[in-house]
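Everything on this sheet refers to the single structure shown next.
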Amino acid sequence: MNTVARRILLALGVMSATALGCHTTHAPHEAKMGPAYDRPFPLGQVTDAHWETMQTNAEAADFIFYDHEFVGQTAELTPLGKRHLLSTALRLEHVPFPIVIEELPEDQDPQLCLARRERVIAMLEQLGYQKEQIAGRVIVAPAFPRGLTAMEGESAYYRTLNDTFGSSAGGAGAGVRSGVGAVYR
Numbered sequence: 237m238n239t240v241a242r243r244i245l246l247a248l249g250v251m252s253a254t255a256l257g258c259h260t261t262h263a264p265h266e267a268k269m270g271p272a273y274d275r276p277f278p279l280g281q282v283t284d285a286h287w288e289t290m291q292t293n294a295e296a297a298d299f300i301f302y303d304h305e306f307v308g309q310t311a312e313l314t315p316l317g318k319r320h321l322l323s324t325a326l327r328l329e330h331v332p333f334p335i336v337i338e339e340l341p342e343d344q345d346p347q348l349c350l351a352r353r354e355r356v357i358a359m360l361e362q363l364g365y366q367k368e369q370i371a372g373r374v375i376v377a378p379a380f381p382r383g384l385t386a387m388e389g390e391s392a393y394y395r396t397l398n399d400t401f402g403s404s405a406g407g408a409g410a411g412v413r414s415g416v417g418a419v420y421r
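Position in the sequence shown (first residue = 1) + 236 = my numbering.
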């Protein structure tokens, strides 16, 4: 057999294999997708509920007044605490979250916690809320997130200064660093 005949036979074989291999019968949609109970969820449907829950919890945490937002061992708010109260007051009627006054550890001073609660209620009254409307929403309770110990806080502080966040690579070779507050080269 000569090469021309081989090429013709090979071309016919490839064309017939392509034509027969691509030919399918028209199947109904259910046959292609499988049974309805076994189909995959639309993209993002499963994880969206998780992200929405995390976002809601983060919004609820915005309504916590921590111990450091009060001046020392008093019921007076710091300037940052007052600004926090104003932002809370703006959102208060639009959300169902309680206003949480952080409870002091190990019930150190329950009267101080109650005085702080009353002070926040009084300040919200000055901003136009009625006491009956908000008194049930302002509570004294432990803060939602767990605080850091002194050693954890120090470690976190120095990690942010070094900007490595615990990695030894230092940002995958982004620069040369040495010690606290080093400069990129």
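For every residue, glycine included, the Cβ atom is placed at its ideal position computed from N, Cα and C.
All values derive from a computational prediction rather than experimental measurement.
Around the beta carbon of Phe301, 16 or more other beta carbons lie within 10 angstroms, which makes this residue buried.
Residue Ala311 holds the alpha-carbon nearest to the alpha-carbon of Leu348 among Ala241, Ile335, Ala311, Leu326.
Distance from the CA of His304 to the CA of Pro315, rounded to the nearest whole angstrom, comes to 11 angstroms.
Within the same chain, Phe299, Arg373, Val374 come within 6 angstroms of Ile335 by CB-CB distance, once the 5 residues on both sides are set aside.
The stretch 319 to 331 makes contact with the stretch 357 to 369: 3 or more CB pairs, one atom from each, lie closer than 8 angstroms. Under the DSSP assignment, Val374 falls outside any alpha helix (DSSP H), being part of the beta strand (DSSP E) whose first and last residues are 374 to 377. Under the criterion of beta carbons closer than 8 angstroms, Val356 and Leu321 qualify as touching, at roughly 7 angstroms.
A straight line joining the alpha-carbon of Leu245 with that of Asn238 spans about 11 angstroms. Runs of beta strand (DSSP E) with 3 or more residues, each lying fully within the stretch 333 to 382, are found at 335 to 338, 374 to 377, listed in chain order.
Only residues of its own chain outside the window of five on either side were considered, and among them Cys349, Val376, Ala377, Pro378 have a CB closer than 7 angstroms to the CB of Glu339, listed in chain order. Taken through DSSP and simplified to helix, strand or coil, Leu384 comes out as coil. If the five residues before and after Ile370 are omitted, its C-beta is found closer than 7 angstroms to the C-beta atoms of Ile357, Leu360, all from its own chain and listed in chain order. Relative to the Cα of Gln344, the nearest Cα in the group Gly249, Arg319, Thr254, Gln309 belongs to Gln309. Residue pairing by DSSP places Leu313 opposite Phe306 in a beta bridge.
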